[in-house]
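*Asks:*
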Amino acid sequence: MRVALTTLGCRLNQFETDAMQKMLEGAGFQTVEFSEEADVYVVNTCTITHEADGDSRQMVRRAVRRNPKALVVVTGCYAQAEPERVASIPGVDLVLGNGEKASLFDYLKTLPQKGQARVAVGEFQRRQPFVTLKPATDPKRSRAYLKIQDGCNYRCAFCIVPEVRGPNRSLPVEEVLKQLDTLVEAGVPEVVLTGIHLGTYGRDLSPSTSLAKLVEAMLPRLQGARLRLSSLDPHEVRDDLMGLFQEHPEKLCRHLHLPVQSGDPKILKLMRRAHTAEDFRRLVLRLAEDVPGISIGSDIIVG
Numbered sequence: 178m179r180v181a182l183t184t185l186g187c188r189l190n191q192f193e194t195d196a197m198q199k200m201l202e203g204a205g206f207q208t209v210e211f212s213e214e215a216d217v218y219v220v221n222t223c224t225i226t227h228e229a230d231g232d233s234r235q236m237v238r239r240a241v242r243r244n245p246k247a248l249v250v251v252t253g254c255y256a257q258a259e260p261e262r263v264a265s266i267p268g269v270d271l272v273l274g275n276g277e278k279a280s281l282f283d284y285l286k287t288l289p290q291k292g293q294a295r296v297a298v299g300e301f302q303r304r305q306p307f308v309t310l311k312p313a314t315d316p317k318r319s320r321a322y323l324k325i326q327d328g329c330n331y332r333c334a335f336c337i338v339p340e341v342r343g344p345n346r347s348l349p350v351e352e353v354l355k356q357l358d359t360l361v362e363a364g365v366p367e368v369v370l371t372g373i374h375l376g377t378y379g380r381d382l383s384p385s386t387s388l389a390k391l392v393e394a395m396l397p398r399l400q401g402a403r404l405r406l407s408s409l410d411p412h413e414v415r416d417d418l419m420g421l422f423q424e425h426p427e428k429l430c431r432h433l434h435l436p437v438q439s440g441d442p443k444i445l446k447l448m449r450r451a452h453t454a455e456d457f458r459r460l461v462l463r464l465a466e467d468v469p470g471i472s473i474g475s476d477i478i479v480g
């Protein structure tokens with residue numbers, strides 16, 4: 178059978194799409210471009226904004242138009258947030274929550290006849306297990322994503338992510354290193370660590386650990402590959418992590434994405450962010466001085 182997958186949203190979603198593709202290929206599916214006719218379409222959605230919801234619905238309808246007889250699977254954060262609305266889109270056959278992605282193939286094997294959407298979206302519990310998906314060793318991009326963390330315990334006023342991703346949980350260090358070794362042995366030149374709230378990595382593990390300690394353990398295993406970090410909240414860039422950027426400029430990409438969201442102290446307080454504009458200013462100045470050549474990106478919500 179031919180399967181086509183597409184992703185909306187963040188790097189974490191892209192990692193999970195790549196992993197689902199690898200899972201289906203291992204089960205005998207042939208993957209094709211989403212623009213081609215397929216027997217199964219998988220749409221991994223985003224719900225970070227109303228526009229993302231609309232884009233997700235549009236992508237689902239595009240799959241239905243491309244082959245009305247195909248099985249259409251909708252998963253991801255929009256499916257988690259509004260499963261019944263997604264299921265009501267004509268042509269949708271299966272709606273999977275984020276916690277059910279790893280069981281995609283099992284659900285496909287038990288799907289009823291086309292025409293009646295099945296919804297499998299579980300609620301997140303306080304002690305939610307980490308759903309392990311194996312990283313794709315031959316992604317279409319030169320960078321390979323490695324999911325090490327999921328969920329968020331923060332409650333920023335503007336963000337729906339904790340509702341659709343659940344509480345903070347981390348992949349154990351041993352499993353992270355095992356997956357890293359697989360990617361390095363496959364010849365991936367750059368590994369990007371991804372998560373919903375990357376800076377909280379390891380707090381839920383026993384014994385607890387930190388992102389900096391994990392990165393320190395990963396660096397000697399990189400061989401010729403590089404390691405890159407995705408988004409971190411400004412207050413989570415501490416001395417130990419900054420020291421690793423200074424000590425390993427060839428292995429740890431000198432790049433940080435620091436979502437500040439607003440430069441106004443009052444707005445940041447209303448947003449329930451854990452940093453101030455002054456925290457961000459001091460951090461950027463220190464990074465520029467202590468890590469020569471570092472590239473810094475940010476997010477700002479306006480309007």
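Counting in the numbering used here, the sequence shown runs from 178 upward without gaps.
Using N, Cα and C, we set each Cβ at its ideal position, and we do this for glycine too.
1) My output table needs one value for L404: the three-state DSSP class, helix, strand or coil.
2) At the level of alpha carbons, what is the spacing between G231 and P411?
3) From the DSSP output, in three-state form, read off L481 for me.
4) Looking only at its chain, what residues have a beta carbon closer than 6 angstroms to the beta carbon of G481, apart from the 5 residues adjacent to it on each side?
5) Is the distance from the Cβ of V479 to the Cβ of F457 below 9 angstroms?
6) Could you check if E214 is buried or exposed, using at least 16 other CB atoms within 10 Å of its CB as the buried criterion?
7) Consult DSSP for K324 and reduce its assignment to one of helix, strand or coil.
8) Check for me: the alpha helix (DSSP H) holding T194 runs from which residue to which?
9) Grouping DSSP H, G and I as helix and E and B as strand, with all else coil, what is N221?
10) Look at the Cβ atom of G276, then the Cβ atom of P260, and state whether they are nearer than 9 angstroms.
11) V369 to D270, Cα distance in whole Å?
12) Do C329 and M448 have their CB atoms nearer than 9 angstroms?
13) What residue range is occupied by the uninterrupted alpha helix (DSSP H) comprising H227?
14) List the residues that DSSP assigns as beta-bridge partners of T208.
15) Do the segment 304 to 311 and the segment 216 to 229 meet, that is, are 3 or more Cβ pairs less than 8 angstroms apart?
16) Just how far apart, CA to CA, sit Q400 and C430?
17) Please confirm whether Y218 and V263 have their CB atoms less than 9 angstroms apart.
18) Looking at the secondary structure, which residues open and close the alpha helix (DSSP H) in which E300 lies?
*Replies:* Short version:
1) For this step, residue 404 is matched to residue 227 along the sequence shown. Reduced to three states, the DSSP call for L404 is strand.
2) Residue 231 sits at position 54 when you count from the first residue of the sequence shown. Residue 411 sits at position 234 when you count from the first residue of the sequence shown. Their backbone Cα atoms lie some 31 angstroms apart in a straight line.
3) With the chain represented from 178 up to 480, any question about residue 481 goes unanswered, as that position is not in the structure.
4) In this structure the chain extends from 178 to 480, so residue 481 is not present and cannot be described.
5) Position 302 of the sequence shown, counted from the start, is the residue given in the question as residue 479. Position 280 of the sequence shown, counted from the start, is the residue given in the question as residue 457. Not closer than 9 angstroms, so no.
6) Sequence index remark: in the sequence shown, residue 214 carries index 37 (1-based). Exposed, because fewer than 16 other Cβ atoms sit within 10 Å of the Cβ of E214.
7) In the sequence shown, residue 324 corresponds to position 147, counting from 1. K324 falls in the strand class under three-state DSSP.
8) Here residue 194 refers to the residue found at position 17 when the sequence shown is read from its first residue. Run containing T194: 188 to 203, per the alpha helix (DSSP H) assignment.
9) For the purposes of this step, residue 221 is identified with residue 44 of the sequence shown, where counting begins at 1. Here N221 sits in strand by DSSP.
10) By one-based count along the sequence shown, residue 276 stands at place 99. By one-based count along the sequence shown, residue 260 stands at place 83. Not a contact, by the Cβ cut-off of 9 angstroms.
11) Translated into positions along the sequence shown, residue 369 becomes position 192. Translated into positions along the sequence shown, residue 270 becomes position 93. A straight line joining the alpha-carbon of V369 with that of D270 spans about 33 angstroms.
12) Counted from its first residue, the sequence shown places residue 329 at position 152. Counted from its first residue, the sequence shown places residue 448 at position 271. With respect to M448, C329 sits apart: the two C-beta atoms are not nearer than 9 angstroms.
13) Within the sequence shown, numbered from 1, the residue matching residue 227 stands at position 50. Counting along the chain, the alpha helix (DSSP H) containing H227 begins and ends at 227 to 243.
14) As a first step, residue 208 must be located in the sequence shown, where it is residue number 31. Bridge partners of T208: V180.
15) Segments in contact, no.
16) Translated into the one-based positions of the sequence shown, residue 400 becomes position 223. Translated into the one-based positions of the sequence shown, residue 430 becomes position 253. Computed Cα separation, rounded: 14 angstroms.
17) The residue you call residue 218 lines up with position 41 of the sequence shown. The residue you call residue 263 lines up with position 86 of the sequence shown. No.
18) Here the question's residue 300 lines up with position 123 in the sequence shown. Segment: none, E300 is in no alpha helix (DSSP H) and carries neither H nor E.
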